[in-house]
Each structure stands twice: as structure tokens, then as C-alpha cells.
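The structure under discussion appears below in the form of C-alpha cells.
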Amino acid sequence: MPHQARRLFHSMISQSDQRVPLAEAALMIAWEDRGGPDPRVQLAVLDGFADDLRTQVGEIGDPRGRISAINRYLFGDQGFHGDLSSYERPDPSNSHLDQVLRRRSGLPIMLSLVYMEVGWRLGLPLSGVALPGHFIVRYSAEPQDLYIDPFSSGALWSQADCERQIGMFHSEVRPELVKWLMTPPSSGAILSRILRNLKQTYLAQDDVTRALASVERLLLLDSGDPGELRDRGLLRFRAGNVYAALDDLERYARQNPTASDIAQIRAFAKELLGKVAPLN
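Going by numbering that gives the first Met the number 0, the first residue of the sequence shown is number 0, and it counts up by one from there.
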């Protein structure tokens, strides 16, 4: 039977994207991975941050002034900071919202999630910016949007900074590419990015069980993702579930006949079939 957190996560993401309770769904990811008591009590921490800021931010009309007030509170008073060591020694705690709130540190997407959740409680027009290799926050304003990097204590980015980040991963930074990459990600896309970070962390730790759980939740978010279907098959094999692995890999091969790895996957599936056939 699936962990209660998995059932709740599935229920939350089955709503229309605008109604997905992002922080609560992120806490369900942490709960399934870590176990222990229901971590939704941590939502009160985010409420408390917003309550502390409400009067001060409400008296400031200038977006930059509001950002400065939030930055002083979150990165000064509360001590939130980016964990640079996470890139050298991957730690799932940096992707678990309950631990990020407790330790006051985490990956860029998690600190951005905290920033957005606090801002949304204050009625501020915030959204995510899912840049390649980094995640920041947009404050929608006139005459131009402001970009905030919670991983760097709320440092402001320019449009040019965002394009430089894109250029680190793309040889040609075309306007249509920039527009596409800087479109606010959906709640589902944010949760998928969190789960992919966790998947990579667990693979680095050779934690097959939790890596597989990450892939299973990614497929709840997008059942048609061919890469995750393939990876679920490979991880199911490593977990000892050969029949389920074979089913996934054969389905991947049928649905993606021109994939770059199709020859290797077909060969591996054929090898698996040879192992299980004598058992029938």
C-alpha cells in the first residue's frame, strides 16, 4: 500500500494547477522520503514569517523596498542561506521543505519556494523563474520585472543576468528561447524539478528505493514522460522487480522507436526476457 504521503500528494496534484497547494505538496515529498510525523505543521512556520512581515511590507509601496524588507527578514533575522556544499556533497535535506525550514538552508529552488510562499501570503505578485542550472523569483512590476536570487541572500538579477545564465547551457541565446525559459513554471513543473533533484541525489547515494519513489512521483505528475518510464524500468530491475522492469522497458521501446538509446534498451529488455521466460 502506498505511503499516506503518496496518496495525499496524488490527491493534491490532481487538482487544476492553480489550486495545487505547492508547499503542502512539497512537504508530502519530504514525508514519504523521511518518514516520521506529518510535517504539515511546518506550514505554520511560513504563516508566521508572513505575519511578522505583514505590517512592515504593507506600509511600503515600492517593490524594491518590499524586496529589501523581505530580504532583511529572511536572510538576516531568520538566517536563510544557500548551501554551497550541496553541489559537492548532495544531501536530500536540501530538497526537503521541512528540513529547509528547520536548517534555514537548501537548494535554490527550495529557498525560492520559501520566498514565494511568504510573498504570496502577503499578496505579492511573485512567480518562479526556472533557469537552466538555477532557480530564482520574479516580482512582476512596472516598468520592468525584478528578479530575486534567494540562494544569494536575495540579490537582484537583471534580464541580462538571466540571459547569461541561459547562455551557460545554450550555445545560442535566441529571444524565443529566453521567453520560453523565463515563462513562469507551473506548480507541477516546480514539483517535478524538486523530484528530479532528489532522484539525482539518491542515485548518487545508490539509494535505489528512494530514487525509484522519486521517479514514481514524477510519473504521477507526467505519465507520458518517456525518460522517467525508462528510468522506472531500470530502477525496478535494480530493486529486484524484474517483471515490472521488463514491462516498462518494452513499453518505452514501443513508444520511442527512434530514441538515441533504443538499441541498448531493446538489448537489455531482450536479456531480461531471456531470464524470466524459463520461470513461466
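Glycine is no exception: its CB is placed at the ideal position from the N, C-alpha and C atoms.
- Message: Pop quiz: leucine 197 and serine 213 are said to be a contact at Cβ under 8 Å. What is the actual Cβ separation, rounded to whole angstroms?
- Response: 5 Å
- Could you tell me whether the region 101-109 touches the region 78-89, where touching means 3 or more Cβ pairs closer than 8 Å? yes
- C-alpha distance - arginine 115 paired with valine 241, whole-angstrom precision: Checking the displayed sequence, the identity of residue 115 turns out to be methionine instead of arginine. Using only the alpha carbons, I get a separation of about 42 Å.
- Item | alanine 159 - containing alpha helix (DSSP H), residue span | 158-166
- Query: Is there contact here, the region 230-237 with the region 206-220, by at least three beta-carbon pairs under 8 Å?
  - Reply: A contact exists between the region 230-237 and the region 206-220.
- Query: With distances taken from CA atoms, which of Gly226, Gly273, Arg235 is nearest glutamine 254?
  - Reply: Gly226
- Message: Considering just the uninterrupted stretch of the beta strand (DSSP E) at isoleucine 108, what are its terminal residues?
- Response: Following the DSSP letters along the chain, one finds isoleucine 108 in no beta strand (DSSP E) but inside the alpha helix (DSSP H) bounded by residues 107-120.
- Message: Would leucine 21 and serine 186 qualify as a contact pair, given that the criterion is a beta-carbon distance under 7 Å?
- Response: yes
- Query: With burial defined as no fewer than 16 other Cβ atoms inside 10 Å of the residue's Cβ, what is the status of valine 99: buried or exposed?
  - Reply: buried
- Query: Would you call glycine 34 buried or exposed, if buried means 16 or more other Cβ atoms sit within 10 Å of its Cβ?
  - Reply: exposed
- Query: Less than 7 Å separating the beta-carbons of glutamine 158 and leucine 130?
  - Reply: No, the pair does not count as a contact, with Cβ atoms beyond the cut-off.
- Do you know offhand how far histidine 9's Cα is from valine 19's? 10 Å
- Compare the Cα-Cα distances from leucine 194 to each of Gln17, Ser15, Asp32, Pro174 and report the closest residue. Asp32
- Inspect the beta-carbon positions of alanine 4 and methionine 27 and report whether they are closer than 7 Å. yes
- Pair within 7 Å by beta-carbon distance, glycine 153 and phenylalanine 74: yes
- Taking the DSSP output, what are the residues bridged to arginine 137? Ser126, Tyr146
- Message: Quick check: what's the CA-CA separation for aspartate 205 versus arginine 192?
- Response: Using only the alpha carbons, I get a separation of about 20 Å.
- Message: Can you list, in chain order, the residues of its chain with a C-beta nearer than 8 Å to that of methionine 11? Leave out the 5 residues immediately preceding and following it.
- Response: Non-local beta-carbon contacts of methionine 11 in its own chain, meaning distances under 8 Å to residues more than five positions away in sequence, involve Val19, Pro20, Glu23, Ala24, Met27 in chain order.
- Which of helix, strand or coil does DSSP assign to glycine 273? When secondary structure is reduced to three states using DSSP, glycine 273 falls in the helix class.
- Item | Beta carbon of valine 44 nearer than 7 Å to that of leucine 121 | no
- Task: Give me the Cβ distance between aspartate 148 and tryptophan 156, rounded to the nearest whole Å; I'm assuming they're in contact under 8 Å.
- Result: 6 Å
- According to the neighbour-count rule (16 or more other Cβ atoms, all chains shown, within 10 Å of its Cβ), is leucine 7 buried or exposed? buried
- Query: Helix, strand or coil: which one does DSSP assign to histidine 9?
  - Reply: helix
- Nearest neighbour of glutamine 17, chosen from Ala188, Gln77, Asp61, His133 [CA to CA]: Ala188
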